[in-house]
Amino acid sequence: MDKNRTMTRRQALKHLGFGALAVAAGYSLITGCKGKVKEEAANGTLKMAKKMDNITGKEISLLGYGCMRFPTYDTGEKNARGRRVMAIDMEKSKALIDHAYANGITHYDTAWNYHNGKSAEAIGTLLKNYPRESFTLCNKMPGWLITGPEKAKELFETQLQQCGVEYFDYYLCHAISAQEGYDKPYEELGGYEVLAKEKEAGRIKRLGFSFHGSKELFTYILDKRQWDFVLLQINYLDWVDQEAEFFYKEAEKRGIPCMIMEPLKGGELASLTPDANEILEEAAPGKSIASWAFRYVGSLPNVLCVLSGMTEMEHLKDNLNTFGNFKPLSDAERAALDKAIAEYRKYERIGCTACRYCMPCKYGVDIPAVFAAYNKCVNESNIPDINGPKESKFNKKKRAFLATYNNMVPEGSRADKCIECGACNSVCPQKLNVSGLITKIRDMVNGLEN
Numbered sequence: 000m001d002k003n004r005t006m007t008r009r010q011a012l013k014h015l016g017f018g019a020l021a022v023a024a025g026y027s028l029i030t031g032c033k034g035k036v037k038e039e040a041a042n043g044t045l046k047m048a049k050k051m052d053n054i055t056g057k058e059i060s061l062l063g064y065g066c067m068r069f070p071t072y073d074t075g076e077k078n079a080r081g082r083r084v085m086a087i088d089m090e091k092s093k094a095l096i097d098h099a100y101a102n103g104i105t106h107y108d109t110a111w112n113y114h115n116g117k118s119a120e121a122i123g124t125l126l127k128n129y130p131r132e133s134f135t136l137c138n139k140m141p142g143w144l145i146t147g148p149e150k151a152k153e154l155f156e157t158q159l160q161q162c163g164v165e166y167f168d169y170y171l172c173h174a175i176s177a178q179e180g181y182d183k184p185y186e187e188l189g190g191y192e193v194l195a196k197e198k199e200a201g202r203i204k205r206l207g208f209s210f211h212g213s214k215e216l217f218t219y220i221l222d223k224r225q226w227d228f229v230l231l232q233i234n235y236l237d238w239v240d241q242e243a244e245f246f247y248k249e250a251e252k253r254g255i256p257c258m259i260m261e262p263l264k265g266g267e268l269a270s271l272t273p274d275a276n277e278i279l280e281e282a283a284p285g286k287s288i289a290s291w292a293f294r295y296v297g298s299l300p301n302v303l304c305v306l307s308g309m310t311e312m313e314h315l316k317d318n319l320n321t322f323g324n325f326k327p328l329s330d331a332e333r334a335a336l337d338k339a340i341a342e343y344r345k346y347e348r349i350g351c352t353a354c355r356y357c358m359p360c361k362y363g364v365d366i367p368a369v370f371a372a373y374n375k376c377v378n379e380s381n382i383p384d385i386n387g388p389k390e391s392k393f394n395k396k397k398r399a400f401l402a403t404y405n406n407m408v409p410e411g412s413r414a415d416k417c418i419e420c421g422a423c424n425s426v427c428p429q430k431l432n433v434s435g436l437i438t439k440i441r442d443m444v445n446g447l448e449n
């Protein structure tokens, strides 16, 4: 085994040149999963909030690093569809992971399909100089690839090799959204039994599932097997809109800790509308709009870890400021957030998280780009009322909308390519009527251009 893997976390930080302040930052706020955060003596100014996993007996940082959105660069190559091939920028990614680790982030989350299959190998490489016991790593079984027990075993072995580890601290049945997507790979084809045996062998410490389905399916899966944790999409908009409150409380009732994905709802909650932002800025001067979303989910007592896919150093540093010296939302802050949400809901945004499960579109529509352009115009109050009076305000919004749409969505990938086949609707984790929304935007653009 690599000698760095046998070092303590403190020794590794010093060995890699982070110094005493970084060492101190890694030992900070410790709590049981449902307990109040309490400070442990530390010399650093930012004390990363941590939770104690009562089953594994290991601390886990309340902020986890999602490895879905590493920095990338253009390889200069194109795939079979003529699209640019992007690769992970390992130099920039190393700077991010090193800074995250030095400031107390100890949990890292990857999956088979992230970065076209390259994420697991990347995070394995980026963490290889750190002691294995000093961080926790989560990976996920791609159930759609399981054809039988042997295939499940092969996939799991490959994932261990990709990450360069001998075990996973956390492991998930990935992206379950329909009953067939659970029953077939995990019950009929033996996937669950394979993973249960890996847990018995110690190569999985905690076994769970990530979920995008209905209330009925959630309770069905919870009743079917014993689970150690769940990965749920929770944010302050989905709490009601996507029934996140039910999922969270059902898991809490059963004593199953939650990890959180999409706390920013695909970036939507990084900035609201100007008027909604103003409410939050007045309530917490100097704090980012994104910090409200992270504090909202981080304040939930049954949350073990909040994942964030951080592409830019400024995003990482802002999140470290939020989870360092972490403070749950106060009653006054919750009231301000409720007020901001009410203001924000005056505008009808499309709840796309840019997960790209709908891509590629057979007919060439860049669905996330179309939705992103529309949402940008909503955020900037530049949605023209095509049925209203055609006066100066309408013309200003029309020009702004068309400019944004044409700049953000490449020609040949716009909504006019949609034939309403509906293939995108069944794969959307947010249960959006994707084709209906695309045709709505198509008709709006046609009405404005003609």
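Position 112 of the sequence shown, counting from 1, maps to 111 under numbering that gives the first Met the number 0, and the rest follow consecutively. Glycine included, C-beta positions come from ideal geometry on N, C-alpha and C. From a predicted model like this one, the values you see are computed outputs, not experimental measurements.
The C-alpha of Ala353 is placed about 22 angstroms away from the C-alpha of Met443. The C-beta distance from Cys304 to Lys50 rounds to 7 angstroms, short enough to fall under 8 angstroms.
Residue range 330-343 is occupied by the alpha helix (DSSP H) that includes Asp330.
By the C-beta density criterion, Arg80 is exposed, having fewer than 16 other C-beta atoms within 10 angstroms.
Collapsing the DSSP output to three states places Asn138 in a strand. The three-state reading of DSSP puts Lys416 in helix, counting H, G and I together. Closest in C-alpha terms to Ser118, from the list Asn128, Cys137, Pro130, comes Cys137. Leu159 and Lys150 do not touch by the CB rule: their CB atoms are close to 15 angstroms apart, not below 8 angstroms. Ala86 has Tyr72 as its beta-bridge partners, per DSSP. The region 280-294 makes no contact with the region 162-182, as fewer than three CB pairs between them are under 8 angstroms.
Spanning the alpha carbons of Thr135 and Glu120 requires a straight line of approximately 16 angstroms.
Look at Val305 here: in three-state DSSP terms it is strand. A Cβ-Cβ separation of about 16 angstroms leaves Thr403 out of contact with Lys439 under the 8 angstroms criterion. If the five residues before and after Ser412 are omitted, its C-beta is found closer than 7 angstroms to the C-beta atoms of Gly363, Val364, Asp365, Ala368, all from its own chain and listed in chain order. The DSSP-derived three-state label of Met67 is coil. Buried is the label assigned to Tyr170, since at least 16 other Cβ atoms lie within 10 Å of its Cβ.
Per DSSP, Asp237 is one residue of the alpha helix (DSSP H) stretching across 237-240.
Looking at the backbone, the Cα of Glu58 and that of Ala101 are separated by about 16 angstroms. The C-beta of Asp384 has fewer than 16 other C-beta atoms within 10 Å across all chains shown, which makes the residue exposed. In the structure shown, Lys57 adopts coil according to DSSP, grouped into three states. For Met358, the secondary structure class from DSSP, reduced to helix, strand or coil, is coil. Spatial neighbours of Met358 in its own chain (CB-CB distance under 8 angstroms, excluding positions within 5 residues in sequence) are listed in chain order as Asp365, Ile366, Pro367. Look at Val164 here: in three-state DSSP terms it is coil, with no helix or strand label. When beta bridges are read from the DSSP output, Ser209 appears opposite Leu230.
Less than 8 angstroms separates the beta-carbon of Cys417 from that of Ser434.
The region 339-348 makes no contact with the region 308-323: fewer than 3 CB pairs, one atom from each, lie closer than 8 angstroms. Taking each of Lys93, Cys257, Cys172 in turn and checking the Cα distance to Lys127, the smallest one comes out for Lys93. Ala99 is not a Cβ neighbour of Tyr129, given a cutoff of 8 angstroms. In this structure Phe167 is in contact with Arg202, their Cβ atoms being roughly 7 angstroms apart against a cut-off of 8 angstroms. When secondary structure is reduced to three states using DSSP, Leu62 falls in the strand class. Selection Gly350, Lys223, Leu188 evaluated against Leu263 yields Gly350 as nearest (Cα-Cα). Annotated three-state conformation of Cys423 is coil, per DSSP. In this structure, the beta-carbon distance from Lys361 to Ile382 does not fall below 8 angstroms. Of the candidates Asp97, Leu221, Lys139, the residue whose Cα lies closest to the Cα of Asn112 is Lys139.
Look at Gly387 here: in three-state DSSP terms it is coil, with no helix or strand label.
Ile104 sits in coil when the DSSP states are folded into three classes, being neither helix nor strand.
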